[in-house]
Amino acid sequence: DTGVSQNPRHKITKRGQNVTFRCDPISEHNRLYWYRQTLGQGPEFLTYFQNEAQLEKSRLLSDRFSAERPKGSFSTLEIQRTEQGDSAMYLCASSLWVNPNSPLHFGNGTRLTVT
Amino acid sequence: AQTVTQSQPEMSVQEAETVTLSCTYDTSESDYYLFWYKQPPSRQMILVIRQEAYKQQNATENRFSVNFQKAAKSFSLKISDSQLGDAAMYFCAYRSPNFGNEKLTFGTGTRLTIIP
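Chains as they are written, first to last, in the working numbering: chain X, 284 to 398; chain D, 20 to 135.
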């Protein structure tokens, strides 16, 4: 169990640019979640996958955001035409889903700064 | 939609003492799951303890225990014999059992400081 890995750890980009983050879950975990966390706030749900299927997507996720999990392994989160309001920590978590009591295992996050 | 409220933005406790962090939630569901997560300064969130709403017995994990009051929709975390390593942000979270709505909904967190 090597834990959930997120890359890059930090990303600085200019407004209007596209960025892509990667998350490698714990192997054999069938569920993968993306959250966004701003300073002083709790994580806000963005989307989650069961294997390769995207099961739920938050209304927070505008059309500029897209997430994929091809082959049910790693996942990518892309933000197009970044805005300063996108600056946040983006957290990925994975879970071996058995029932709703199954815990999430979080990565260290990717901190995005949009200048 | 479910909401989770943590009314204590910051708390502090003397090392070796006991501290209780409060959490309330709003839901119309009768069955659900509650969690406490810890986020140390290194940022990785770690599960502390979890409780299933249909279980009346309060969950306990070593020095960590909860006081689950279903009627009051309250889910507080008690940390006994506080240690320096307990310093972190603590988040309370709610999960619905309904398929397709199983995301964790987090509160805004409580920053816990341990005073040596």
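Cβ coordinates follow ideal geometry from the N, Cα and C atoms, glycine included.
Close Cβ partners of residue i (< 7 Å) along its chain, the five nearest in sequence each way excluded
| i | result |
| --- | --- |
| T330 of chain X | W317, Q337, E339, K340, S341, L344 and A350 |
Contact list for residue i against chain D, beta-carbon separation under 8 Å
| i | result |
| --- | --- |
| G390 of chain X | Q63 |
Alpha-carbon spacing of residue i relative to residue j, whole angstroms
| i | j | result |
| --- | --- | --- |
| L379 of chain X | I295 of chain X | 32 Å |
| N391 of chain X | V38 of chain D | 27 Å |
| E361 of chain X | P386 of chain X | 25 Å |
| R364 of chain X | V302 of chain X | 8 Å |
| F110 of chain D | G325 of chain X | 7 Å |
| T24 of chain D | S95 of chain D | 11 Å |
| F357 of chain X | H293 of chain X | 19 Å |
| R305 of chain X | N313 of chain X | 16 Å |
Sequence-distant residues of the same chain with beta carbon closer than 8 Å to residue i, five excluded per side
| i | result |
| --- | --- |
| Q27 of chain D | L40, S41 and T129 |
Partners in chain X for residue i, counting only beta-carbon separations shorter than 9 Å
| i | result |
| --- | --- |
| N57 of chain D | Contrary to the premise, residue 57 of chain D reads as Lys rather than Asn in this sequence. By Cβ distance, chain X contributes nothing, its closest Cβ being about 11 Å from K57 of chain D, past 9 Å. |
| E48 of chain D | Within chain X, no residue comes near E48 of chain D; the closest Cβ sits about 11 Å away, beyond 9 Å. |
Chain-ordered neighbours of residue i on chain X, where CB pairs are closer than 7 Å
| i | result |
| --- | --- |
| L66 of chain D | P386 |
| Y52 of chain D | P383 and N384 |
The ligand PLP heavy atom lying under 6 Å from the CB of residue i
| i | result |
| --- | --- |
| D50 of chain D | Looking at this structure, you won't find the ligand PLP or any other ligand, since it has none at all. |
Residues that residue i contacts on chain B, provided the C-beta gap is smaller than 8 Å
| i | result |
| --- | --- |
| Y316 of chain X | Here the protein chains are X and D, and chain B is not one of them. |
Where residue i meets chain X, residues with beta-carbon distance less than 8 Å
| i | result |
| --- | --- |
| F110 of chain D | G325 and P326 |
> Which of the residues in the stretch 319-334 of chain X, read from start to end, lie with their CB under 8 Å from any CB of chain D?
Replying inline: G323, Q324, G325, P326, E327, F328 and Y331
> Residues in the stretch 120-132 of chain D with C-beta within 8 Å of chain X's C-beta atoms, listed in sequence order?
Replying inline: N120, E121, K122, L123, T124, F125, G126, T127 and G128
> If you scan the stretch 28-84 of chain D from start to end, which runs of the beta strand (DSSP E) of 3 or more residues do you find wholly inside it?
Replying inline: 29-33, 38-40, 43-45, 52-58 and 65-71
>> By the 9 Å beta-carbon criterion, what residues does the stretch 357-384 of chain X contribute toward chain D?
In response: M372, L374, A376, W380, N382, P383 and N384
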